Structures are given as C-alpha cells and as structure tokens.
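Those sequence lines, one after another, are chains C and G. Per numbering that gives the first Met the number 0, the very first residue in the first sequence carries number 0; after that it's consecutive. Per numbering that gives the first Met the number 0, the very first residue in the second sequence carries number 0; after that it's consecutive. Okay, so here's the structure we're looking at.
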Amino acid sequence: MKLVVIGNGMVGHKLLEELAGTPDLHITVLCEEPRPAYDRVHLSEFFSGKTADDLSLVSPGFFEQPNLTLKLNAKAVDIDRAAKQVVLANGERVPYDRIVLATGSYPFVPAVTGRDRDGCLVYRTIEDLEAMRDWGAKSRIGVVVGGGLLGLECAKALKDMGLDTHVVEFAPRLMTVQVDDMGGRLLRRKIEAMGVQVHTGKNTLEIVDGGGVGVGGRHAMKFADGSQLLTDMIVFSAGIRPRDELARNAGLMRGERGGILIDNLCKTSDPDIWAIGECALWQGKIFGLVAPGYDMARLVAAQVRLLPSSLGTGAGGEGLKQVPEFNGADMSTKLKLLGIDVASIGDAQGATPGSLNYLFSDDVAGIYKKLVVSSDAKTLLGAVLVGDASDYGSLLQMALNGIPLPAQPESLILPSVDGGAKGLGVDLLPATASICSCNNVSKGDLCAAIDGGATSLGALKKCTKAATSCGGCLPLVKQVLDAELKKSGVLVLNHLCEHFAHSRQALFHLVKVGGQKTFDETILAHGRGRGCDVCKPAVASILASCWNEHVLKPKHASVQDTNDYYLANIQKDGSYSVVPRIPGGEITPDKLIVIGQVAKDFGLYTKITGGQRIDLFGARVEQLPAIWGALVAAGFESGHAYGKSLRTVKSCVGSTWCRYGVQDSVTMAIRIEERYRGLRSPHKIKMAVSGCTRECAEAQSKDVGVIATEKGWNLYVAGNGGMKPRHAELLASDIDDETLIKLIDRFLMFYIRTGDRLQRTATWIENLEGGLGYVKQVVIEDSLGLCAELEADMARQVETYECEWKKAITTPETLKRFKHFVNADEADSNIQFVDERGQIRPKSALEKKPAVTP
Amino acid sequence: MTEAAHWTFICHRDDIVPNTGVAAKVGSAQVAVFRVVAPDGTEDGIFALDNFDVRSQANVLSRGLIGELSTETGPVLVVASPIYKNHLCLRSGRCLEDDAWSVKAWAVTCGDDGLIMVRAS
Ligand code: SRM
Ligand SMILES: Cc1cc2nc3c(=O)[nH]c(=O)nc-3n(C[C@H](O)[C@H](O)[C@H](O)COP(=O)(O)OP(=O)(O)OC[C@H]3O[C@@H](n4cnc5c(N)ncnc54)[C@H](O)[C@@H]3O)c2cc1C
Ligand code: SF4
Ligand code: FES
Chain C
0 MKLVVIGNGM
10 VGHKLLEELA
20 GTPDLHITVL
30 CEEPRPAYDR
40 VHLSEFFSGK
50 TADDLSLVSP
60 GFFEQPNLTL
70 KLNAKAVDID
80 RAAKQVVLAN
90 GERVPYDRIV
100 LATGSYPFVP
110 AVTGRDRDGC
120 LVYRTIEDLE
130 AMRDWGAKSR
140 IGVVVGGGLL
150 GLECAKALKD
160 MGLDTHVVEF
170 APRLMTVQVD
180 DMGGRLLRRK
190 IEAMGVQVHT
200 GKNTLEIVDG
210 GGVGVGGRHA
220 MKFADGSQLL
230 TDMIVFSAGI
240 RPRDELARNA
250 GLMRGERGGI
260 LIDNLCKTSD
270 PDIWAIGECA
280 LWQGKIFGLV
290 APGYDMARLV
300 AAQVRLLPSS
310 LGTGAGGEGL
320 KQVPEFNGAD
330 MSTKLKLLGI
340 DVASIGDAQG
350 ATPGSLNYLF
360 SDDVAGIYKK
370 LVVSSDAKTL
380 LGAVLVGDAS
390 DYGSLLQMAL
400 NGIPLPAQPE
410 SLILPSVDGG
420 AKGLGVDLLP
430 ATASICSCNN
440 VSKGDLCAAI
450 DGGATSLGAL
460 KKCTKAATSC
470 GGCLPLVKQV
480 LDAELKKSGV
490 LVLNHLCEHF
500 AHSRQALFHL
510 VKVGGQKTFD
520 ETILAHGRGR
530 GCDVCKPAVA
540 SILASCWNEH
550 VLKPKHASVQ
560 DTNDYYLANI
570 QKDGSYSVVP
580 RIPGGEITPD
590 KLIVIGQVAK
600 DFGLYTKITG
610 GQRIDLFGAR
620 VEQLPAIWGA
630 LVAAGFESGH
640 AYGKSLRTVK
650 SCVGSTWCRY
660 GVQDSVTMAI
670 RIEERYRGLR
680 SPHKIKMAVS
690 GCTRECAEAQ
700 SKDVGVIATE
710 KGWNLYVAGN
720 GGMKPRHAEL
730 LASDIDDETL
740 IKLIDRFLMF
750 YIRTGDRLQR
760 TATWIENLEG
770 GLGYVKQVVI
780 EDSLGLCAEL
790 EADMARQVET
800 YECEWKKAIT
810 TPETLKRFKH
820 FVNADEADSN
830 IQFVDERGQI
840 RPKSALEKKP
850 AVTP
Chain G
0 MTEAAHWTFI
10 CHRDDIVPNT
20 GVAAKVGSAQ
30 VAVFRVVAPD
40 GTEDGIFALD
50 NFDVRSQANV
60 LSRGLIGELS
70 TETGPVLVVA
80 SPIYKNHLCL
90 RSGRCLEDDA
100 WSVKAWAVTC
110 GDDGLIMVRA
120 S
C-alpha cells in the first residue's frame with residue numbers, strides 16, 4: 000500500500016514515527032523545505048546558539064529505512080484524484096493509495112501597503128530566523144507586529160539580539176486569546192519594565208521609507224491614529240493561516256475562512272485523504288499547538304495500520320474496526336515570555352454562562368491569578384496566571400479531571416502564608432490523568448516507568464518522553480516521581496550515603512550555618528557512624544568550598560581521596576601524574592624548557608593533554624615534592640588536575656594574532672583561570688574562551704564558555720563533553736568584562752551551593768526545576784536576593800587562594816607523607832617501566848612477572 | 000627462635016594520621032597499616048592488610064580511604080582501594096564486592112607505649 004505524506008513538519012513527522020516498521024507499507028514523504036522535520040516549538044533557541052542540526056526531530060538513520068522515501072525541496076502542487084497521483088512542482092508524479100496532508104500553516108501578514116519592503120520578515124522556519132539574524136545584525140530598532148504568544152516570543156528574540164524592541168498590537172491588550180484584561184495589563188507592565196515598548200490599539204496602515212540613513216529608521220510605520228513609529232526591521236507575527244492551497248486545487252472541502260475540513264477520524268471530503276496538524280479544520284477550529292496535531296497523527300497512524308496491504312482503488316470504506324476518534328483538544332498553555340511566567344487554562348475568559356471568578360492580584364510582587372469556576376463553585380473551568388505560574392500543573396489537572404474544588408477555592412491562588420502545602424497533591428490524580436499532553440503521557444505511564452526502574456528525572460524523561468517537548472509539564476512530572484518514590488519506600492535518592500541522610504545541597508547549607516570545620520564535627524552534628532569513601536570526599540569538598548582551608552591540613556588528611564592527599568592523579572600502577580597549570584594554554588619557551596628538563600631529570604613520560612597543558616606521568620610518591628620543587632621554583636603552580644575543581648580554561652589565539660578575532664580571548668582566559676583556580680566544587684569545572692564565533696576553543700562544550708562578540712562577550716553555561724555531551728546554553732549576551740566576571744562568579748557559586756555530589760553543571764541544570772530560565776532568574780534577575788552573597792563568597796575564595804603545591808613543599812609536616820614506606824627509604828619495586836617510542840610506559844603484568852616472583 | 004622474633008616494628012601510633020594508613024616493609028612483603036579513630040576521638044585500633052591490591056595489581060591499599068559500611072552481618076570497617084574503589088574489610092581482608100579480590104590480614108599489635116608491631120609470617 001502506497002502512502003504519500005505531504006509536509007514533513009512536526010505533525011507529519013510524528014505520523015512517520017508512529018508508522019515506522021509497519022509491514023507492507025511504502026511511504027513517500029514530500030517535504031517542501033530544504034531539510035526534514037525540526038522542532039518548531041523550540042525554534043527561538045536558534046538564537047541562543049542551537050543549530051538546525053540541534054533542532055532536528057529526525058533520529059539518526061530514520062530516513063534510511065527501506066520503506067521510506069524522503070524527497071526534500073519537493074513541493075506538491077496538485078492532487079490528480081482521478082489518476083491517484085500527487086503532482087510535484089517539478090512536474091514529477093507520485094502515485095498513491097492514500098494521502099495524509101500535513102502542510103501546516105503560514106504566517107499571516109496583514110494587507111498593509113509596504114509589507115514587502117526589505118527587512119519585513121516573518122517567523123516560522125529556520126530560513127526566516129536566519130533572515131532575522133542577518134537583519135538584526137544591521138539594525139538598531141526592531142518591531143514585532145502582533146502581541147500574541149508568538150509575537151512576544153519573537154520580541155524576546157529581538158531583545159536578545161540587542162535591538163530597541165517594540166510590539167505593535169491591534170487589539171487593546173496583549174495575548175487576547177489567553178489572558179483577561181487585568182492579566183494583560185500586568186503582563187504589559189512587566190514587559191515594558193524590561194525595556195520592550197508596547198503599543199496596543201494600533202492599526203498599521205502602511206509602511207513607508209523612514210528616511211533614516213543607515214541604522215535607526217529605515218522604515219516608518221504609519222498608524223490609523225495618525226502616529227508613526229520608526230524602525231529598521233519588522234517581523235509580522237499576527238497569527239497563522241492554514242496551508243490549504245493543495246486542497247483547494249484538488250477540490251477538497253474547506254472552511255469559510257480556510258482550513259481543510261476533517262471529521263473525527265481526520266478524513267477530508269475525499270475518504271482516501273486525511274489532513275492533520277495546523278492545516279486541518281475540525282468543527283470550525285484550527286489548533287495552533289503541537290499537542291492536538293500529535294493526537295491527530297496518532298489516530299491516523301492507527302487507521303493506516305489497519306488497512307489491508309493491497310488496496311484496490313476506490314476501496315473507500317475499509318470497514319474500520321474500532322479506532323480512536325479526535326474529540327478536540329485542550330488549549331491550555333504555559334509559557335515563559337521574556338522571563339515572565341504566563342499561563343492560561345481552559346475557559347480563561349469566563350465564557351461559560353454563570354461562571355464565577357476568584358481573583359488575586361499583587362501589584363508589588365507583580366502577580367495576578369484568576370480562577371474561573373462553575374456557578375456552584377464546585378469545579379474549576381479555567382484560570383489565568385501571570386507572574387507566577389507554579390500552580391499551572393495542578394490547576395490544569397484539576398480542570399481536566401474534574402477534581403472537586405476544595406471548600407475554599409481561593410486557597411488555590413492565595414499565597415501560602417505559613418509555607419504550608421496547598422493545591423492538589425499528585426496522589427489525587429487518577430492514573431489516566433494526562434500529565435504530558437505534548438507526548439501523551441499519563442500519570443499511569445509515568446508510574447509504570449518508575450516501577451520499571453526509571454527513578455531519576457533524566458531516566459524518566461528518556462523512557463517516557465514526558466517533558467521533552469514544551470517542558471511545561473516538568474514540575475508535575477517531578478512531583479509524580481517524588482511521590483512514587485516516597486510511596487515505594489525507595490530511599491530518597493539524594494541522600495549522600497548511609498552516613499548522611501541529606502543531599503549534598505542540604506548538607507552544604509547545614510555546614511555553612513552550623514560552622515563545622517572538620518569531617519568529624521560534621522558527621523557528629525549532621526550524620527551518623529564513621530563515614531565512608533563516598534561522604535568523606537564530598538564533605539571535604541563542601542568544607543573547602545565553605546571555608547577554603549588548605550586541603551593538606553592534617554585535620555582534613557583522612558577524608559581526602561588519594562589524588563587530593565598527594566595532590567596528584569594516581570595511575571593504574573600506583574604511580575602519579577603531575578600537571579602544572581598553564582593558564583589559557585599560553586606558555587613561554589623558557590617554561591616549556593623547564594617542563595622538558597624536569598621530565599628528563601625524573602625520567603617522566605610527557606604528553607600534551609586535551610586541556611591545552613602538559614601532563615608528566617610515572618612519578619612515584621617520594622619523587623613528587625622534588626618534582627614540584629623544581630616546577631614551583633620556575634614559577635609554575637598546581638594545575639588541580641587531581642581536584643574536583645577548576646581544570647583548565649581553554650583559549651583560542653584571539654584578536655591578538657588571528658585575523659578574525661574580535662576580542663582578546665587569551666587575556667580573558669588567563670584572567671578567568673587565575674580567578675577560579677583552586678575553587679572546589681561538586682565536580683570538576685571546565686571553561687573556554689573563544690575570540691569570535693568560529694569558536695576554536697570549543698567553549699560551547701564547557702561548564703562555562705565565553706565567546707567574543709563585536710560588542711563584548713556571550714556567556715554560555717552548563718556544557719559538557721565526556722560521556723554524555725551537551726551543548727552549553729546562552730546565559731547572557733554582549734556583556735562587558737566586568738559583567739562577565741560577575742555572572743560567572745554568581746553562576747559558579749550557585750552551582751557549588753546546590754549541585755549534587757559528582758554532578759557536573761550539565762546534569763545539574765537538567766535536573767534543576769526550571770532549568771536555564773531559573774538560573775537566569777537567580778543569577779541575573781536576582782530573584783532569590785542571593786547575588787550579593789554569591790559574589791562575596793567568591794571574593795573570599797579568590798582572596799584566600801594559595802597554591803597547594805607551594806604550600807606543601809614548604810611544610811615539613813606535609814612532606815612526611817610523601818614516602819612509600821613508613822619504615823624504610825625504598826621505592827615501590829612494583830612500579831616498573833619499559834621504553835616505548837623513546838619514553839617510559841608502565842610494564843604490563845606479563846612483562847613484570849619474572850621480576851616479582853623470581 | 001622466640002615468638003618475639005616474628006614481630007616487626009613498624010612505627011609509633013602517632014606517626015599515622017588518624018584514619019589513614021601507611022605502607023611498611025615486613026621482610027620482603029608490603030603491609031598496609033591503618034589507624035582508626037572514631038569521630039568522637041576514641042581510638043578504635045590498628046589494622047594491617049596486604050598493601051597489594053589484587054584488583055589493580057598495584058601496591059596502593061595504604062592510600063585508601065577508611066570507612067564503615069553496613070552489611071548483612073552488621074557494620075564493617077573497610078578501606079576503599081584508591082584505584083577502583085573495591086572495599087576490603089580491615090579485620091579480615093575480605094573484599095565486599097568479590098571474594099577473588101580479598102587480601103591477607105596481618106596480625107598487628109599496639110601496646111600502651113604506642114609501638115606498632117606486625118607479625119611476619
Ligand atoms: C590527561 C587527560 C587526557 C589527555 O591525555 O589528554 C585526561 C585524563 C583523565 N581524565 Fe579526562 N582527561 C583529559 C581531558 C578530558 C576532556 C577534554 C577537555 O577537558 O577538553 C574531557 C571531556 C570534556 C569534559 O569533561 O566535559 C574529559 C572527560 C573526562 C571524564 C568524563 C566527564 C564527564 O562529565 O562525562 C572523566 C571521568 C570523571 O571525571 O568522572 C575523566 C577523567 C579523567 C581521569 C582523571 C581518569 C582518572 O580518574 O584517572 C584521567 C586522569 C589522568 C591524569 O592522571 O592526569 N575525564 N577529559 C586530559 C587532561 C586535560 C587537562 O589538562 O587537565
Ligand atoms: C516560533 C514558534 C513557536 C511555537 N511555540 C509553540 C509552543 O510553545 N507550543 C506549541 O504547542 N506549539 C508551538 N508552535 C506551533 C507549532 O510549531 C505548530 O503547532 C506545529 O509545528 C504544527 O505542525 P504541522 O506539522 O502541522 O505544521 P508545520 O510544522 O508547519 O509543518 C508543515 C510542513 O509542511 C510543508 N508543506 C506545506 N505545504 C507543502 C506542500 N504543498 N508540499 C510539501 N510540503 C509542504 C511546510 O513547508 C512545512 O515544513 C510554535 C510555532 C512557532 C513558529
Ligand atoms: S579518555 Fe579515558 S583513558 Fe583516555 S584519558 Fe580520559 S579517562 Fe583516561
Ligand atoms: S506537556 Fe509539553 S513536554 Fe510535556
């Protein structure tokens with residue numbers, strides 16, 4: 000059976016995923032765009048550094064499946080229903096038994112004279128975003144036409160590009176569909192406070208030449224009220240219109256205002272053709288969200304799978320067995336617009352006859368909440384939340400599942416004065432409650448996965464796909480996870496170990512407040528027993544982060560892992576490696592010679608590391624002080640390769656030499672490395688500074704990555720190479736040197752305070768509720784009022800830094816430990832080397848055998 | 000030979016930082032000697048195991064972290080090998096993860112004078 004899927008957008012691709020592996024089904028996919036499906040919902044992340052590849056929805060090898068033919072740049076222009084062929088723009092004809100139309104929609108551009116001027120753009124595809132980026136680079140002012148969901152998201156993109164940003168809206172308020180008057184007013188105030196200018200009630204009549212020479216006023220927008228606005232670029236985001244031109248050409252029935260008519264099975268007026276996603280019109284409604292589209296894709300896939308494999312033409316009614324029907328969709332949404340929480344649930348406008356409202360508004364904190372309840376105040380019909388949408392998940396569940404309201408419904412939106420729990424425990428939800436609407440994951444699905452061993456948020460997301468699309472359901476998913484774990488008696492996973500019934504984060508605070516200075520004091524105050532090799536190094540790291548005492552102090556000796564105890568990395572044969580710090584990878588010829596000489600003198604193996612420095616291997620414990628004596632004398636410092644602390648700050652050569660460099664990346668890398676050297680943290684920290692967007696220092700794979708821009712620096716955080724690579728995310732753009740340092744200070748200290756044991760920043764941020772957005776609130780907007788404290792903590796760290804090796808070689812008491820035997824001056828005879836490529840390497844067990852047992 | 004001739008002097012108790020180990024030569028063998036002290040400061044005793052870690056084939060056990068782990072038979076004092084973190088019971092040398100990695104426990108004494116002796120055998 001031959002299926003032709005027209006459109007490879009989000010919904011079309013979901014259908015393909017659902018149908019993968021169906022026997023005797025051949026699918027031809029016609030994709031008008033130059034690339035297969037990508038994540039439009041997260042399109043804006045393109046501006047924070049995501050590439051088209053990052054946004055791709057296509058899993059590796061997907062289109063290599065034998066029964067799948069993908070045609071890119073292939074626009075369908077007609078359907079020859081008599082011949083059962085789809086006609087492409089290049090004249091090619093593709094035969095079909097069935098068709099699924101998934102052509103999506105196009106951005107609506109109001110009929111304004113001058114709308115085709117250069118720099119008038121829309122916001123829908125990767126190409127659109129590339130154009131926006133290019134225009135943004137040569138503009139000072141940007142206008143978004145349309146103050147709805149997408150328009151505000153677009154405004155944020157312009158703002159992030161550093162433009163003076165304006166939003167022009169025809170209606171008297173923002174987000175007319177989702178938010179009521181009061182919510183809209185608050186939203187506007189908040190957005191304006193961020194420097195985006197909002198113009199409501201403006202009807203744009205025409206766009207003419209602004210007379211502005213160069214940047215600052217290429218266009219003038221003329222409004223019906225006689226006013227005008229100068230701008231350099233304009234993005235239209237005034238709604239979407241279904242792409243139904245194919246349906247029109249093929250004579251399928253359409254709605255009055257467009258949209259391909261479908262029934263509850265998503266069939267069009269031709270029983271051999273389905274339509275799904277944003278091009279489809281169901282009971283007079285177009286659904287502009289991805290979740291309803293996914294529902295349609297799933298139920299069409301179910302019908303396709305039931306079709307007999309060989310189909311004669313005209314076998315229209317295939318005697319369908321029971322398949323699910325489409326019965327509308329919930330249009331509730333939660334988003335973060337320009338960092339402001341906004342959510343709308345169900346009947347937000349109170350359109351239900353007799354419905355009643357509960358309101359809470361706090362102008363000081365900038366919070367507005369409204370509940371719409373049934374006339375008997377028993378059930379929740381809808382809600383609007385602005386400024387604080389933390390209750391979105393539970394209110395949505397309450398509305399969707401018809402869970403009875405509590406006796407005092409207002410308690411659901413009033414701030415809890417005593418910090419007591421309120422709202423709805425996830426325990427009350429039925430197993431059928433849909434938790435993640437994007438991916439159709441119910442509470443029951445989550446529970447089953449947790450039972451099956453997915454006991455971390457990461458594992459649960461991977462296994463159920465919940466919270467992997469819009470992310471709105473993440474807090475709820477986490478609540479279900481926590482509740483289930485608690486119920487099943489799984490020891491709460493974040494306990495450090497059997498000796499400390501606290502997470503690292505909790506213990507950090509206890510120690511900071513309690514003032515414990517040693518492991519023994521800590522375990523007596525906050526733990527039990529004697530400790531182990533898990534909690535000892537963790538507590539050592541907490542003590543070092545809090546009090547920055549020299550790790551070599553005898554009172555800390557017994558809790559250091561061997562690497563920290565000997566300030567070197569242990570190797571497989573019990574020898575150690577030596578890594579001097581080479582800040583930013585910059586090193587003088589003289590210092591290179593010293594490293595070479597030391598290696599020669601002590602017979603060490605040398606290797607250039609992946610972190611732009613030189614590692615010397617094969618040192619025995621008793622040699623370490625003399626090796627470091629020579630290195631310290633030549634001006635080297637400990638490289639902390641052994642510590643859970645800053646490793647290296649990788650740099651590229653930058654503007655000093657490189658013809659493309661726009662900032663001096665080496666100087667900045669050295670400044671950063673010298674500032675954070677020795678800082679103890681939950682896990683190691685890596686950083687990099689690139690001198691321009693070519694990114695030769697690979698900063699986007701680091702915990703802290705800095706990339707030079709024309710105007711300053713872009714700061715990326717929480718990247719990772721290693722076992723599970725992760726691209727860093729943009730925290731702030733075009734900031735100056737001092738802001739950069741300040742933000743890194745805050746970011747690192749916040750991580751150190753809240754990270755779990757051995758949790759890199761990447762896993763930390765992925766497990767942090769609210770992710771990057773939350774980090775931004777804390778370290779940029781200072782939502783917790785912590786920033787001053789975080790900076791002070793870092794200042795103290797920087798002040799009290801000392802080179803551990805310099806200290807060690809001048810402290811006789813410490814030197815005593817660098818001996819192999821306590822009762823003999825001999826070396827460990829089991830450390831043996833042979834030559835390979837002109838240097839030493841450890842002997843293998845076989846090579847050693849005769850020497851050990853003669 | 001008398002019994003005493005089998006005992007080798009290692010060091011004074013104060014030469015070992017509380018809750019760490021040292022390596023000692025006993026004849027041609029390497030022995031790891033540990034001093035364990037409870038968090039409240041009570042001396043718990045001196046223990047001796049092979050210094051050779053069977054799992055990593057390296058002489059490193061004296062450099063492991065000392066700890067206490069719950070087992071079916073109650074809490075056990077252990078040292079964690081610094082290389083692959085296998086845990087060895089300080090009293091018996093038994094490896095908690097795999098018997099094949101167990102090591103020998105040596106007889107050790109520490110008198111009131113603080114002198115630590117290991118019995119060579
Ligand atoms: C020496 C070096 C390899 C080399 O010859 O190039 C190296 C060697 C080790 N790496 Fe690495 N890593 C080295 C660069 C890297 C890099 C590349 C980089 O930093 O640009 C990565 C991937 C980037 C990243 O971390 O995001 C890397 C990812 C790891 C990981 C995995 C971390 C992760 O989050 O998945 C480990 C394991 C761990 O830390 O738990 C690890 C651990 C280790 C250890 C410490 C394993 C161990 O416990 O013995 C090795 C110690 C060698 C020693 O004695 O010095 N090493 N390691 C590199 C030292 C760089 C330096 O100058 O400090
Ligand atoms: C910036 C942005 C942010 C968004 N944020 C959210 C959000 O947070 N939550 C949410 O639920 N939704 C959001 N949406 C909406 C969501 O992206 C859409 O609902 C979803 O993409 C619809 O999927 P679709 O497959 O129907 O259409 P599309 O993804 O538009 O795919 C249609 C595809 O068909 C192709 N096509 C059209 N005609 C033809 C033809 N004749 N021949 C061949 N190919 C053709 C098109 O080129 C396109 O690639 C957002 C949209 C945008 C643009
Ligand atoms: S990749 Fe593996 S083997 Fe190579 S240095 Fe890193 S940890 Fe060691
Ligand atoms: S609801 Fe969108 S990801 Fe779960």
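Positions of the beta carbon are idealized from the N, C-alpha and C atoms, including for glycine. All figures in this text were calculated on a predicted structure; none of them were measured in a lab.
- Residue side-chain check: Thr102 (chain C) places its Cβ nearer than 6 Å to a non-hydrogen atom of ligand 2.
- Within the chosen limit of 6 Å, ligand 2 reaches the beta carbon of Glu32 (chain C) through at least one heavy atom.
- With its beta carbon less than 7 Å from one in chain G, Val821 (chain C) belongs to the interface.
- Between Val289 (chain C) and Thr332 (chain C), the alpha-carbon positions lie close to 11 Å from each other.
- No heavy atom of ligand 2 is found nearer than 6 Å to the CB of Gly392 (chain C).
- At least one beta carbon of chain G lies nearer than 7 Å to the beta carbon of Gly530 (chain C).
- Of the residues C:Gln396, C:Glu409 and C:Gly401, the one whose Cα lies closest to the Cα of Val425 (chain C) is C:Gln396.
- With a threshold of 7 Å between beta carbons, Ile9 (chain G) makes contact with chain C.
- Distances from the CB of Cys435 (chain C) to the heavy atoms of ligand 2 are all 6 Å or more.
- A contact is defined here as three or more CB-CB pairs under 8 Å, and the region 268 to 288 of chain C meets this definition with respect to the region 7 to 25 of chain C.
- Annotated as distal: Glu768 (chain C) and Pro579 (chain C), with beta-carbon spacing of 7 Å or more.
- The region 32 to 48 of chain G and the region 56 to 76 of chain G touch, with three or more beta-carbon pairs separated by less than 8 Å.
- When secondary structure is reduced to three states using DSSP, Thr267 (chain C) falls in the coil class, being assigned neither helix nor strand.
- Leu162 (chain C) sits buried, since 16 or more C-beta atoms from the chains shown fall within 10 Å of its C-beta.
- Per DSSP, the continuous alpha helix (DSSP H) segment holding Ala761 (chain C) begins and ends at Thr760 to Asn766.
- With a cutoff of 7 Å on beta-carbon distance, Asp346 (chain C) and Val371 (chain C) are scored as near each other.
- With fewer than 16 other CB atoms across the displayed protein chains lying within 10 angstroms of its CB, Trp656 (chain C) is exposed.
- For Tyr800 (chain C), the secondary structure class from DSSP, reduced to helix, strand or coil, is coil.
- Excluding sequence positions up to five before and after Ala296 (chain C), its CB lies within less than 7 Å of the CB of Val10, Lys13, Leu14, Glu17 and Ile275, all in the same chain and listed in chain order.
- For the region 82 to 107 of chain G, the residues whose beta carbon sits under 9 Å from a beta carbon of chain C are, in order, Ile82, Lys84 and His86.
- With distances taken between CA atoms, Glu409 (chain C) lies nearest to C:Leu379 out of C:Gly610, C:Leu379, C:Cys496 and C:Glu673.
- Of all residues in the region 535 to 558 of chain C, the ones placed with a Cβ closer than 8 Å to any Cβ belonging to chain G are Lys535, Pro536, Pro553, Ala556, Ser557 and Val558, in chain order.
- The region 496 to 503 of chain C and the region 521 to 531 of chain C touch, with three or more beta-carbon pairs separated by less than 8 Å.
- For Thr810 (chain C), no chain G residue has a C-beta closer than 7 Å to its own C-beta; the minimum C-beta separation is roughly 14 Å.
- Using a C-beta cut-off of 8 Å, the region 474 to 486 of chain C makes contact with the region 432 to 446 of chain C, since at least three inter-stretch Cβ pairs fall below that distance.
- With fewer than three CB-CB distances shorter than 8 Å, the region 599 to 608 of chain C does not count as touching the region 779 to 788 of chain C.
- If you ignore the 5 residues before and after Arg62 (chain G), its C-beta comes within less than 6 Å of the C-beta of Pro81, all in its own chain and listed in chain order.
- Within the same chain, and ignoring the five residues on either side of Cys462 (chain C) in sequence, the residues whose Cβ sits closer than 6 Å to its Cβ are Ala448 and Ala453.
- Beta-bridge pairing by DSSP links Cys94 (chain G) to G:Leu87.
- For Val289 (chain C), the shortest separation between its Cβ and any heavy atom of ligand 2 lies below 6 Å.
- Arg62 (chain G) reaches chain C at Thr561, Tyr564, Tyr565, Ile569, Gly573 and Val620, counting residues in chain order whose Cβ is nearer than 9 Å.
- Take Gly113 (chain C), set aside five residues on each side of it, and the residues of its chain with a beta-carbon closer than 8 Å to its own are Cys119, Glu205, Ile206, Val207 and His218, in chain order.
- For Gly292 (chain C), the Cβ falls inside the 6 Å cut-off from some heavy atom of ligand 2.
- Excluding its 5 nearest sequence neighbours in each direction, Asn89 (chain C) has C-beta neighbours in its own chain below 8 Å: Ala73, listed in chain order.
- Under the DSSP definition of a beta bridge, Thr708 (chain C) lacks any partner.
- Between Ala79 (chain G) and chain C, the shortest Cβ-Cβ separation is below 7 Å.
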